[in-house]
Each structure stands twice: as C-alpha cells, then as structure tokens.
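Novice: Residue numbers (the working numbering), protein chains in the order written: chain A, 413 to 760; chain B, 9 to 736. A virtual CB, placed ideally from N, CA and C, is assigned to each residue, including glycine. Please read all numbers here as calculations on a predicted model, not as lab measurements. One structure, pasted below without further comment.
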C-alpha cells in the first residue's frame with residue numbers, strides 16, 4: 413500500500429540521482445526511470461494511488477501529482493543547464509594561452525628605485541640625475557672631505573686612467589656617492605632645495621654576498637630657512653613606512669659622515685624576524701637602512717649658501733639593500749647576473 | 009674598541025648591566041658590534057679599594073687562560089658580584105678619543121649623570137733626564153714629544169693586568185710593554201719604550217727619515233723609509249717609525265735595564281701617510297691618524313710610571329722631558345640656545361645642555377646674552393671650552409651634535425619641512441628613459457643591469473683602443489675598463505642565460521657609457537634565439553626587422569625622425585645585415601646582426617645569431633620635436649587605395665622604390681606601404697616581387713577613379729623607366 417512516506421523516499425532518491433548526473437543521456441534514462449509510461453516509478457505510484465482506500469485517495473493523489481510535476485520541472489531545468497555547458501559549433505579552447513607580445517620584466521632594482529622616486533615625488537621632491545664620472549672637488553672636497561681626510565678611506569675610490577671631459581672640471585674618478593650632484597645643484601640654484609638623486613655609485617669593493625663594486629643609491633637633500641632634524645625624522649619615518657609597512661619601527665642613532673652634522677644612522681625593525689632577533693640582524697632586532705644628517709655648514713658654505721640663514725638635511729639609501737630586504741634576496745650578485753629565471757619573478 | 013666593563017668602572021660607578029650599557033652607548037653613537045662574556049678580568053671595580061700588594065690578587069686568576077676556559081668562575085664569584093663583559097664598540101672615524109676606556113667612561117658618566125674618577129698618576133717634575141738627550145727636529149710633524157727614563161726589571165705582568173689586556177684583544181708580552189699598551193687602551197695615548205742601552209749616543213732625535221734609510225720593525229719586517237716619513241732616531245739610525253711601530257733593535261728585551269718611555273703627539277696626516285705607504289696599521293697609528301690629545305703626553309707618562317711602580321716593574325729616574333715648542337690653548341666656541349633649536353627642531357633645557365657638555369669634559373661658561381645682545385631667552389649663548397681630546401669639535405654645530413646625542417634622537421619630535429616653492433618636474437632625461445623602458449618592456453624585452461666596467465678584451469670589440477678609458481686601480485681584469493658600449497655587458501648576460509638553457513632571450517639596458525669623449529646615456533637591446541613563440545605558430549628566428557622595429561617604436565614615442573643607412577656600420581656588426589642610425593644628420597646609434605667574433609668574445613657560440621640595437625639617448629633628445637602637439641582635423645573625404653605588384657632587382661632598396669613613386673605622384677598620395685616581399689617560384693633569380701599599397705586622398709573633395717588611375721599610370725611608367733620594373 414502506498415503511503416506518504418513512500419512519496420518522500422521517492423523524492424529523496426530522485427534528488428540524489430539528479431545531483432549525480434552529468435550528461436544528456438543520463439538525463440533521459442533518469443526521466444525514463446521515474447516518468448516512463450511503462451516502468452516509471454512515479455507512473456507506478458500514480459497507479460497504486462488508484463487502489464488506495466477512498467479516504468486517503470485525495471491526499472495521496474495530490475502528493476503524487478505534486479511529485480510528478482516537480483520532477484518534470486527539475487528535469488527541464490537540468491536539461492537547459494546541460495545544454496548551456498555544451499560547446500557550440502566552432503567553439504575555441506579558451507584555456508589555451510593568449511597571443512600577443514609577451515611583456516618584459518622590469519629589473520627589481522628599477523622597481524624599487526621608481527617606488528622610492530614616486531614616494532618622494534609626492535612629498536614635493538624633484539628627481540635629478542648626475543654624471544657617474546666625477547672630479548675630486550665635487551665628489552670629496554666640496555663635501556667637507558679635503559685631500560688626506562680620513563673619511564676618504566671610508567669610500568675606497570676607483571680612479572680613471574687620465575682625465576675625461578666632465579661637467580665643468582675634467583673627471584678623474586667614478587663617483588662614490590650621488591652627493592656630488594647635490595653640490596652641482598646647489599651651485600646653480602638658490603634655496604629652497606628639495607631634490608632626490610638616484611643613480612649608480614662605485615666603490616673599490618670585491619664581489620661577495622653583500623658587496624658589489626657598483627651599486628645604486630638614492631640621496632635626498634632639503635635646504636631652506638627652517639629645516640630641522642625633526643623634519644628629517646618625520647620625512648624618513650613616513651618614507652620608510654610607505655616603503656616597508658606602516659607599523660615598521662624606525663630608530664635613529666648618532667653616527668658620523670663628514671658632510672652632515674649632526675649625523676644619524678637609521679634602522680628599521682628587522683623584517684625577517686619581526687624585530688625579535690635573528691642571524692640577519694645579528695640578533696639586535698634592527699637593520700641599518702639609511703645614512704642621514706643635517707647638512708654640514710661647511711658644505712653649505714662651499715656652494716656659497718649663507719649657513720646662518722639656511723639649514724638642511726640629507727640622506728642616502730642603498731637600493732640593493734632595500735630590494736634585498738623587500739624581496740628576501742640573500743645574494744646581492746643576483747641583481748647583476750641578469751639571470752632571466754631571477755628577473756622573470758618580477759612584474760612589468 | 010673592546011671595552012672591559014669592569015675597567016670602565018675604574019672611572020665611573022656604572023651599575024647598569026653590560027647589555028644596558030651597550031644599548032645606552034649605542035644610542036649615543038657607539039655601535040655595539042658584539043658582546044663577549046668569556047674573556048673577562050676580575051679586578052675589583054673601585055680602584056681605591058684595590059689592595060696595594062700585588063700578591064693580594066687572587067691566585068685563581070694567576071693563569072688567565074683558566075678564566076677564559078670557564079667564564080662562570082668569575083661571574084659567579086661572590087667577591088666580584090658586578091656583572092662583567094667585553095663590549096666591542098665600533099668607533100666612528102671622528103671620535104679617536106673614544107678609542108680608550110676613559111673616553112667611553114666619559115660617555116657613560118654623562119649618560120648616567122655620574123661623576124668621573126681619575127686613575128693614579130705619578131707626578132713627575134719637568135726636567136731633562138741626565139742620560140738621554142731629546143731633540144725635536146720636525147715640530148711640523150710632531151707638535152709635542154715627551155719622554156721619561158725608568159729603571160726596570162723585566163718580567164711577566166701580574167695576572168690582572170695581563171687579563172685586562174687580553175680582554176681588550178692585546179697579547180701580554182712583558183711587564184714594561186704591557187704597561188705601555190695598558191696606558192694606550194686606558195687613556196688613548198700611545199707610548200713606546202726604547203732600551204736606552206741600545207740607543208747610540210743615548211739620544212732621541214725626532215727627524216724625517218733619510219733617503220734610502222731602512223728599519224727593521226718589531227714585527228721582524230725590514231722596511232724602506234722615505235724622507236716624508238717621521239722617525240725617532242738615535243745618533244746613528246732610525247729606531248722607530250713615529251706613531252706607527254718601533255724598531256726591533258732598541259726593543260725592550262729580557263735583559264733591558266733602563267728604558268726611555270716616549271709619549272708624543274704626531275700629526276694625523278703624517279702618520280696616515282706613513283701607515284698607508286708602509287701598509288702597516290697598528291693600535292698606535294689608528295689613534296694618531298685620527299688625532300690624539302695634545303695635552304695627554306705627560307699625563308700618559310705619569311700614568312705609566314705609576315703603573316710600573318704599582319706592579320713592581322720599575323721606577324722613574326729623573327723627571328719628564330717635554331718638547332712642546334708651540335703650546336696651543338684649548339678651542340673656545342660660542343653655543344647659542346636658538347641655534348640648538350634651529351638645528352634639532354627641539355628646545356633643550358639650559359640645565360640639560362650644561363649637564364651634557366660638562367659631563368663630556370667641556371667647560372661651559374655662564375649663559376649670557378647672545379650676539380643680538382637682547383635678553384630674550386632664545387638669544388642666550390654660552391662660551392664653551394673644548395677639551396683638547398675632542399679633536400672633532402671645531403664649530404658650533406659640533407656642540408649641537410653633542411647636545412642632540414645625549415638628549416636622544418628618539419626624543420626629537422617628528423615634523424615635515426615646509427614646502428615653500430612648487431616642485432619642478434623630473435629632469436627631462438629621466439622622463440625620457442622611463443618612456444623608453446616602458447616601450448621595450450611592452451615589446452617583451454627584459455631589463456638588465458650590468459656593471460659599468462668590463463674586461464678590456466671584451467670592450468675592444470666595441471670601440472677603438474684609444475677611445476677606451478681604463479680604470480687606474482681596477483679590482484680585477486674582469487672590471488678593468490669603463491664600458492664604451494652597453495653591448496659588452498648585455499652579451500655577457502645573454503651568455504649567462506644561454507648557458508642556463510635559455511636559448512631565446514631579449515635583454516635591454518639603459519645606462520651610461522664612457523669613452524675618451526666623455527660620458528653618454530645609451531639604450532641597447534640584444535636579442536637571440538626565436539621571436540613570436542606561440543602554440544598557434546609564428547615562431548621564427550629573430551632577425552634584423554625585429555630590432556629595427558624596436559628602434560622605430562622608440563623613435564615614434566620620442567617623436568624623432570630617424571634615418572637608416574649602410575654607409576658606415578660599426579665593425580662589430582655584419583655588413584649587409586646592419587645599419588647605422590642618424591637623427592638630424594648626427595650619428596645616433598646602430599642596429600643589426602652582431603659579428604661572429606663579437607658573439608664569441610662574450611662566450612656565446614660564434615654560430616649563434618645575436619641581433620642588437622644601440623641608441624644614443626642624448627642624440628635623440630636633441631632632435632626631439634619641440635613643436636607643441638596639435639591634433640589634426642579628421643579627413644572629411646574618403647580615400648582610394650590601389651595595390652601594385654612589381655618585380656625588380658633584389659638589391660633595389662624599398663626606400664628607393666618609395667622615392668620614385670613619391671617623385672611622380674600628385675600630392676593626393678598620402679601613404680605608400682609595402683605589404684609583401686616575395687622571392688621564389690615565379691620570380692626570376694636575383695629579382696624580387698614587391699607589393700605596395702598606395703593610398704590617395706584629398707582634403708578638399710572626393711577623388712575620382714579616373715584621376716587616381718592617371719596617377720597610377722604615371723607611377724608605373726616611372727617604375728618601369730627607373731628600375732626596369734615588371735608589373736605582375
């Protein structure tokens with residue numbers, strides 16, 4: 413005898429089978445199984461309702477009819493859905509790769525340099541470039557490093573054989589920092605000054621994990637009537653927060669550079685251990701990232717500025733160093749090997 | 009500078025742990041390189057309480073090595089409860105005074121607001137010793153030379169002294185030499201002891217070395233001297249290189265009975281030059297070349313004599329000879345309160361300024377009205393007397409740094425500099441290079457960065473020998489000359505990739521090249537292997553037109569008209585597959601296939617094809633159109649296009665064909681484009697079929713078929729006449 417529980421069971425069985433089917437032929441056999449004229453389960457159900465007791469007939473009949481309509485409706489919907497997934501005539505395999513010029517890869521040092529340029533551009537700095545071969549005056553003397561100054565040993569210099577025409581004076585060396593361009597700019601411009609100078613610099617260092625005889629810097633210079641060390645702090649902290657993360661801790665520590673006084677080294681909380689101490693930061697939790705300071709009055713005087721009226725700050729950051737920290741590169745030489753397996757990890 | 013914390017406590021009662029002390033001094037500019045607890049001495053920290061008899065020093069440390077082997081034995085020692093360690097500080101080049109225990113003690117005393125103590129000295133009368141003559145012949149290189157004579161008994165140093173030296177990284181030798189080293193480490197004043205009996209004529213003569221003079225130094229090396237070097241000589245020969253190293257002849261030995269102790273001030277320049285020329289760096293030269301305290305020589309002797317007596321090593325005989333022909337007074341500087349604020353961006357209280365500077369040994373006069381003679385608080389100023397050991401403090405700003413260091417950089421506010429003028433755009437060259445980079449990246453080339461110096465042999469492929477600029481002091485042959493062309497480095501980079509299974513590679517670089525003519529900015533591309541790789545086909549070896557296309561796209565973007573010709577192509581390119589590039593009649597680069605010899609020079613197989621392009625960015629910049637861009641009105645009338653195919657000699661340049669067409673065409677011809685070039689079946693040997701599309705349009709009216717046909721007839725006639733063209 414048919415009961416309403418039979419109807420519920422039949423509905424559940426159909427739902428399970430419907431969920432499993434994946435082709436139009438499956439769909440047809442499912443229709444036959446439930447709605448077939450001869451052996452369909454629902455057809456049989458309808459027939460058995462006829463033999464049910466008279467008092468149950470109206471209720472069971474209604475339920476059976478509802479089930480039939482429901483199944484019909486769902487089979488129609490499923491058929492439409494299956495048709496929608498079927499490849500039309502002339503369909504292309506959209507999973508194949510697209511055509512077109514493959515894009516090249518920007519060098520990671522360029523990515524970092526352009527990011528630094530963008531940050532300072534938004535802070536109102538002009539981006540400048542200077543010559544890579546320089547004269548002794550601009551590279552050293554005007555920066556408070558006269559001949560025989562011990563600080564010259566800090567930057568072991570590569571010299572040219574003979575002289576080469578330069579800007580103004582003949583060039584005799586490869587610049588050891590981009591500061592000579594700051595001098596050139598101040599020689600030809602009155603304050604206020606707000607510039608950054610990115611570029612390649614050279615030191616007589618052997619190649620190893622952390623040294624290359626050529627590397628890139630961005631140096632910045634601000635000179636004006638009311639420029640203080642507190643301004644230097646504010647500027648560099650917001651720069652580092654944008655370059656790394658907003659929560660990056662920043663530490664300023666006294667240091668020595670001949671062209672700044674007072675001088676400060678700037679550290680960030682170690683990015684590898686979250687400032688808890690690891691081999692990279694020598695367990696200090698800090699990584700040196702910038703050299704900076706208030707422009708030495710002797711430098712301002714060398715370019716003819718009134719050092720009583722004007723003060724300024726300067727800073728320098730190594731691009732390789734930033735890129736190594738940001739991208740987790742452990743060997744600086746990778747930047748100059750130009751191995752495409754390395755370069756292609758960086759986007760356009 | 010390795011600082012033993014308990015030694016520092018001879019001067020100042022710092023109770024902070026070594027870690028704290030290291031941190032405190034780090035924040036004042038003395039970077040802590042490392043901390044070591046395994047090599048510590050155990051001298052009681054308060055010198056006044058130290059037993060005077062040497063025998064009272066605890067026997068447990070008689071052998072310093074036992075202390076080193078088990079550091080806990082001293083740390084846990086109840087009699088020495090204060091935490092000890094060796095802190096290794098990096099001392100910046102401007103602070104030679106901090107290359108001493110006393111120097112770092114002053115910093116610690118100031119940081120913790122503690123008083124400084126002095127270590128014992130033996131006052132010596134000023135008097136020439138009766139048996140040694142001292143003659144200062146070169147006061148320009150040695151402004152002060154002091155000496156004292158002592159009778160000594162050579163033997164080992166007591167354990168405490170030896171242990172302290174070892175903790176500071178100095179090897180104990182004998183009691184006399186150890187005392188000189190002890191004073192150097194403690195006060196920063198280098199001393200030297202000569203064996204008086206070895207000095208010919210019993211005299212010390214401070215003079216320039218003679219030409220050809222030689223000396224065997226303490227390290228056993230025989231060294232040649234020159235007349236720019238200062239020596240300490242007896243009546244015969246040089247016995248020491250001033251400020252650098254003593255000679256072995258008059259060295260203190262086990263048989264030495266009488267010594268003369270030297271304590272001098274040599275000029276930094278002289279010592280630096282000598283040290284550099286001899287390639288000899290010592291503890292003494294490191295201090296002299298940065299600058300030592302002109303007031304310290306006599307104090308150094310008095311301290312040394314006190315120590316000799318204390319450890320029973322000897323006794324002074326007579327007084328101290330002090331050659332100091334031109335005594336210099338201490339430097340006085342004006343420090344203005346307003347200037348502190350103007351530099352640091354923070355007002356530092358008068359009491360703090362006073363405390364920091366006096367703590368460091370500066371004498372600070374009473375605050376008085378500044379140069380404006382007003383009574384405003386921000387116009388107050390102090391006259392500050394700089395201690396002679398602070399050779400780095402030359403002007404007001406140096407005092408401000410001292411105030412800032414001890415105030416604490418971390419306590420300064422964070423502000424921003426006022427923007428008082430608009431910011432100009434980046435320099436034109438920077439924008440131009442960004443644009444060129446974007447084009448090449450979009451064309452599929454990857455950016456390389458190579459060193460600006462290359463191997464001379466590689467560079468020789470790209471420039472004449474007399475144009476190449478060598479580096480005077482190169483690190484290696486690999487980096488011996490400045491690159492005359494970016495191609496040298498790019499080829500090396502291509503070779504690197506080829507050796508790593510990358511047969512298809514396209515690299516470009518933007519950068520400077522240097523020749524005898526000067527520095528110039530260039531862009532170069534090097535491409536090898538296949539182009540156009542895609543599953544649908546189109547893969548083919550890279551060729552001349554891939555590179556020429558890149559050059560044309562750059563020219564389009566920079567709005568420069570380029571001309572290509574084959575008259576003068578560089579020797580490193582293959583003639584027939586290369587062109588020189590001109591902008592406004594001026595050489596601006598080249599494009600083409602690299603010669604097999606140049607390819608091989610970079611370590612790539614000579615049979616590999618490498619195509620390159622080089623452009624002089626400055627030459628392009630000078631030809632950039634300066635007329636402002638104006639949009640043209642769109643054409644109002646339709647155009648008529650006609651295609652023709654002609655067969656001509658395969659050596660006839662397409663540009664000549666275009667020229668012939670233009671020469672006879674009416675000005676309604678707006679463009680001529682080749683759309684096919686075919687050689688093979690149906691075309692005779694050494695001939696080529698060239699198909700061109702000609703587009704005609706008038707700005708004033710719709711052209712008629714008849715007039716276009718008339719123009720085409722004339723064009724075809726001209727092509728037949730000029731080039732024996734056959735129409736297909």
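1. Along the alpha helix (DSSP H) that carries residue 426(A), what are the first and last residues, could you check?
2. Under 7 Å between beta-carbons, which chain A residues line up against residue 630(B)? List them in chain order, please.
3. How far does the beta strand (DSSP E) with residue 549(A) in it extend, from its first residue to its last?
4. Quick check: the Cα distance between residue 196(B) and residue 657(A), rounded to an integer number of angstroms?
5. If the criterion is Cβ atoms closer than 8 Å, does the pair residue 728(A) and residue 706(A) meet it?
6. List, in chain order, every chain B residue whose beta-carbon is nearer than 8 Å to that of residue 573(A).
7. Grab me the residues of residue 254(B)'s own chain with a C-beta within less than 6 Å of its C-beta, minus the 5 sequence neighbours each way, in chain order.
8. In chain order, what residues of the same chain lie with their CB nearer than 8 Å to the CB of residue 669(A), ignoring the 5 residues before and after it?
9. Which bits of chain A does residue 150(B) rub up against, with CB to CB less than 8 Å?
10. Helix or strand or just coil, what does DSSP make of residue 332(B)?
11. Just checking: is the beta-carbon of residue 747(A) within a distance shorter than 8 Å of some beta-carbon in chain B?
12. Can you give me the C-alpha to C-alpha distance between residue 614(B) and residue 605(B), rounded to a whole angstrom?
13. Could you list which residues in chain B have their beta carbon closer than 7 Å to that of residue 634(A), in chain order?
14. Evaluate contact between the stretch 254-274 of chain B and the stretch 143-154 of chain B, counting only Cβ atoms and requiring at least three cross-stretch pairs below 8 Å.
15. For residue 560(A), which residues in chain B fall below 7 Å Cβ to Cβ?
16. Taking buried to mean at least 16 other C-beta atoms within 10 Å of its own C-beta, is residue 645(A) buried or exposed?
17. In chain A, what lies closer than 8 Å to residue 453(B) by C-beta?
18. In chain B, which residues lie with their C-beta within 8 Å of the C-beta of residue 703(A)?
19. I'd like to know whether the C-beta atoms of residue 625(B) and residue 510(B) end up nearer to each other than 8 Å.
20. Which residues does DSSP pair with residue 479(B) in a beta bridge?
21. For my contact list, residue 750(B) and residue 562(B) are in at a C-beta cut-off of 8 Å; report their separation, rounded to the angstrom.
22. Once the 5 residues before and after residue 654(A) are set aside, which same chain residues still bring their CB inside 7 Å of it?
23. Classify residue 484(B) as buried or exposed, calling it buried when 16 or more other Cβ atoms lie within 10 Å of its own Cβ.
24. Return helix, strand or coil for residue 471(B), following the three-state DSSP convention.
25. If contact is defined by three or more beta carbon pairs under 8 Å, each pair taking one atom from either stretch, is the stretch 425-443 of chain B in contact with the stretch 485-496 of chain B?
26. Within 8 Å (strictly less), CB to CB, does residue 128(B) reach chain A?
27. Please compile the residues from chain B whose C-beta is within a distance smaller than 9 Å of the C-beta of residue 509(A).
28. Below 8 Å on C-beta distance, what does residue 589(A) contact in chain B?
29. Thinking C-alpha only, which one of 345(B), 343(B), 19(B) and 588(B) is nearest residue 194(B)?
30. Counting C-beta neighbours from all protein chains within 10 Å, is the total for residue 278(B) 16 or more, i.e. buried, or is it exposed?
31. Around the Cβ of residue 702(B), are there at least 16 other Cβ atoms within 10 angstroms (buried) or fewer (exposed)?
32. Between which residues of its own chain and residue 643(B) is the CB-CB distance below 8 Å, once the five residues before and five after are set aside?
33. Within 8 Å (strictly less), CB to CB, does residue 673(A) reach chain B?
34. Since residue 556(B) and residue 522(B) should fall inside the 8 Å C-beta cutoff, what is the C-beta to C-beta distance between them, to a whole number of angstroms?
35. Considering only residues of the same chain and omitting the five flanking positions on each side of residue 409(B), which have a CB-CB separation below 8 Å?
36. According to DSSP, what are the bridge partners of residue 153(B)?
Specialist: Answer, in terms of the structure:
1. Bounds of the alpha helix (DSSP H) holding residue 426(A) are 416-432.
2. The premise fails here: residue 630(B) is roughly 17 Å from chain A at the closest Cβ pair, so nothing lies under 7 Å.
3. It is not in any beta strand (DSSP E) - residue 549(A) instead sits in the alpha helix (DSSP H) that spans 548-551.
4. Distance between residue 196(B) and residue 657(A), taken at the CA atoms: about 44 Å.
5. Here residue 728(A) is not near residue 706(A), since their CB atoms are 8 Å or more apart.
6. The contacting residues are 477, 478, 479 and 480.
7. Only 200, 226 and 248 meet the Cβ criterion.
8. Contacts found: 563, 675, 703 and 705.
9. None at all; the shortest Cβ gap to chain A is about 17 Å.
10. In the structure shown, residue 332(B) sits in coil (DSSP, three-state: anything other than H, G, I, E or B).
11. Judged by the 8 Å Cβ criterion, residue 747(A) is in contact with chain B.
12. Straight-line Cα distance between these residues: approximately 7 Å.
13. Listed along chain B, the residues sitting closer than 7 Å to residue 634(A) by beta-carbon distance are 425.
14. Contact between the stretch 254-274 of chain B and the stretch 143-154 of chain B is present: three or more C-beta pairs spanning the two stretches fall below 8 Å.
15. By Cβ distance, chain B contributes 277 and 280.
16. A buried status is given to residue 645(A), since no fewer than 16 other beta-carbon atoms sit within 10 Å of its beta-carbon.
17. For the C-beta of residue 453(B), the chain A residues within less than 8 Å are, from N- to C-terminus, 516.
18. Simply none; closest approach about 12 Å.
19. No, they are not a contact pair.
20. According to DSSP, residue 479(B) bridges with 572(A).
21. Outside the shown range of chain B, which is 9 to 736, sits residue 750(B), and nothing can be said about it.
22. Excluding sequence neighbours, residue 654(A) sits near 531.
23. The residue is exposed, with fewer than 16 neighbouring Cβ atoms inside 10 Å.
24. If DSSP states are grouped into helix, strand and coil, residue 471(B) belongs with coil.
25. Judged by pairs of C-beta atoms under 8 Å, the stretch 485-496 of chain B does not touch the stretch 425-443 of chain B, as fewer than three such pairs exist.
26. Taking Cβ atoms only, chain A never reaches closer than 8 Å to residue 128(B), which makes this a no.
27. Those are 542 and 543, listed as they occur along chain B.
28. Those do not exist, as residue 589(A) stays about 15 Å from chain B at its closest Cβ, beyond 8 Å.
29. When each option's Cα is compared against that of residue 194(B), the closest is 19(B).
30. Within 10 angstroms of the beta-carbon of residue 278(B) lie 16 or more other beta-carbons, which makes it buried.
31. Answer is buried; the Cβ neighbour count reaches 16.
32. Apart from the 5 residues on each side of it in sequence, residue 643(B) sits with its Cβ closer than 8 Å to the Cβ of 705 and 707 in its chain, given in chain order.
33. Closer than 8 Å to some Cβ of chain B, the Cβ of residue 673(A) qualifies, so yes.
34. In fact, because the Cβ distance is near 27 Å, the residues do not count as touching under 8 Å.
35. There are no such residues.
36. DSSP, once it has assigned bridges, lists 272(B) and 331(B) as partnering residue 153(B).
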